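Going by our numbering, the sequence shown opens with residue 1092, and the numbers climb by one from there. All C-beta atoms, glycine included, are put in the ideal place defined by N, C-alpha and C. Since the model is a prediction, treat every value here as computed from it, not as a measurement. See structure below.
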Amino acid sequence: MTEFLTWAILALRPDWQPEACEREFAAEASLVRCTAARDEGAAWAAELAGYITTEAERQDLDPLLMIAVAYRESRFKTGDVCRTEVPADRIVSRTTLADGVEELTITYRADPTRTSTLEVTVLSEQPD
1092 MTEFLTWAIL
1102 ALRPDWQPEA
1112 CEREFAAEAS
1122 LVRCTAARDE
1132 GAAWAAELAG
1142 YITTEAERQD
1152 LDPLLMIAVA
1162 YRESRFKTGD
1172 VCRTEVPADR
1182 IVSRTTLADG
1192 VEELTITYRA
1202 DPTRTSTLEV
1212 TVLSEQPD
């Protein structure tokens, strides 16, 4: 499943696909930058697909739906997957657990004119 999800992410980010840098460049430095960005993005896609696979199974959600939401929210921005900001109006419930960790239920509605929503429960640590 992880490999399939990696390719789904790569389909949404052509700049991370294997053939992304197979074209003429005006300077060698441009090719080096393209290759580095492609390789970093492809590695992030594989890592993100692993996270999504694990969470989809744990929460019994469709992993492709999770990819669609992640793409809409962040365009798969590389970086620390654990640090994000959530608008207060999306938080449905909060439960404080041990050591400053909270369990948050977040609602997601892509189109405000529609009534369907998706709720996902995540663990959150408060920043220092």
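Distance, residue j Cα to residue i Cα
i, j, result
"A1134", "F1167", "12 angstroms"
"A1127", "F1095", "23 angstroms"
"A1137", "T1145", "13 angstroms"
"Q1150", "W1107", "28 angstroms"
"R1114", "G1132", "18 angstroms"
"V1123", "E1194", "42 angstroms"
"D1153", "M1092", "12 angstroms"
"L1139", "V1183", "25 angstroms"
"L1103", "V1192", "33 angstroms"
"A1196", "A1147", "The question names Ala, yet the displayed sequence has Thr at residue 1196. Approximately 15 angstroms, taken between the alpha carbons."
"A1118", "V1160", "37 angstroms"
"P1105", "A1120", "20 angstroms"
Residue environment, residue i, which counts as buried when at least 16 other CB atoms sit within 10 Å
i, result
"P1156", "Just to set this straight, residue 1156 is Leu in the shown sequence, not Pro. By the 10 Å Cβ count, L1156 comes out exposed."
"R1163", "exposed"
"L1188", "exposed"
Cutoff 7 angstroms; reference residue i; Cβ partners in own chain excluding five residues on either side
i, result
"I1158", "L1096, A1099, I1100 and I1143"
"R1185", "E1193 and L1195"
Other residues of its chain near residue i: CB distance less than 6 angstroms, five sequence neighbours each side excluded
i, result
"A1111", "R1129"
"G1141", "T1093"
Residues of its chain near residue i, where Cβ-Cβ distance is below 8 angstroms and the 5 sequence neighbours each way are ignored
i, result
"F1116", "L1122 and C1125"
Practice task
Give, in chain order, every unbroken run of the alpha helix (DSSP H) that is at least 4 residues long and sits entirely within the segment 1096 to 1183.
Solution key: 1119 to 1150 and 1154 to 1165
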